Ligand SMILES: [Fe+2]
Ligand SMILES: [Fe+2]
């Protein structure tokens with residue numbers, strides 16, 4: 003039960019497909035690549051900026067849904083009283099990210115506030131990711147929760163959502179049935 007093999011070898015970039023933490027970290031790296039690409043995009047390349055923002059919003063929406071449906075409830079149950087606050091904070095940070103994602107329903111590349119909103123989203127997500135990776139994930143690993151089984155659940159749900167995303171084109175983000183924060 004307690005992941006002997008993983009103790010002391012936090013798989014920062016080791017790809018263990020079925021390990022929940024490796025899967026979530028891979029998602030984090032994917033969205034960071036989009037943030038980097040946005041930063042490097044030329045100011046006049048509105049098409050590239052629009053595409054990068056849309057993809058980041060989609061990736062973040064799917065990631066947040068699987069964390070809120072599967073990871074956070076498991077962590078909340080498994081963690082001791084003193085660490086539960088980390089899960090509560092994570093929900094609040096997701097809520098803030100979601101608020102910014104919704105702004106892109108109406109904000110278009112070139113609009114006043116488009117770049118600033120994405121910049122703030124980038125900073126917020128980077129802060130949130132750093133906290134998950136330095137606090138929540140190691141705490142969860144310590145509890146001895148079966149991270150492989152958890153990874154399988156996350157992966158199955160993610161595949162389902164990605165299929166829905168493909169079917170919906172770019173409509174997923176605006177689909178309120180896919181709301182990802184219980185606080186909303
Ligand atoms: Fe999160
Ligand atoms: Fe995350």
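Residue numbers (the numbering used here): 3 to 186. Backbone N, C-alpha and C fix where the C-beta goes; we use that ideal spot for every residue, glycine too. Since the model is a prediction, treat every value here as computed from it, not as a measurement.
Item	Value
Return the chain-ordered list of same chain residues with a C-beta closer than 7 Å to the C-beta of residue 76, the five sequence neighbours on each side being excluded.	147 and 152
Measure the C-alpha to C-alpha separation of residue 49 and residue 74 and round it to an integer number of angstroms.	35 Å
With respect to the alpha helix (DSSP H) encompassing residue 88, which residues constitute its N-terminal and C-terminal limits?	86-105
For residue 111, is the classification buried or exposed, using 16 other Cβ atoms within 10 angstroms of its Cβ as the cut-off for buried?	buried
When you compare the CB positions of residue 142 and residue 92, do they come within less than 8 Å of one another, or not?	no
For a test of the three-state rule: what should DSSP assign to residue 113, helix, strand or coil?	coil
For residue 138 versus residue 88, is the C-beta spacing smaller than 8 Å?	yes
When the Cα atoms are used, what is the spatial distance from residue 102 to residue 127?	11 Å
For residue 162, does the count of other Cβ atoms within 10 angstroms reach 16, so buried, or fall short, so exposed?	exposed
Give the DSSP-derived three-state secondary structure of residue 33 in the structure shown.	helix
For a test of the three-state rule: what should DSSP assign to residue 147, helix, strand or coil?	coil
Starting from residue 51, trace the alpha helix (DSSP H) both ways and give me its first and last residue.	48-68
Could you check if residue 78 belongs to the surroundings of ligand 1, using beta carbon to heavy atom distance under 7 Å?	no
Rank 95, 78, 45 and 154 by C-alpha distance to the C-alpha of residue 133 and give the top, closest one.	95
Tell me which residue opens and which closes the alpha helix (DSSP H) that residue 43 is part of.	From DSSP, residue 43 is part of no alpha helix (DSSP H); its letter is neither H nor E.
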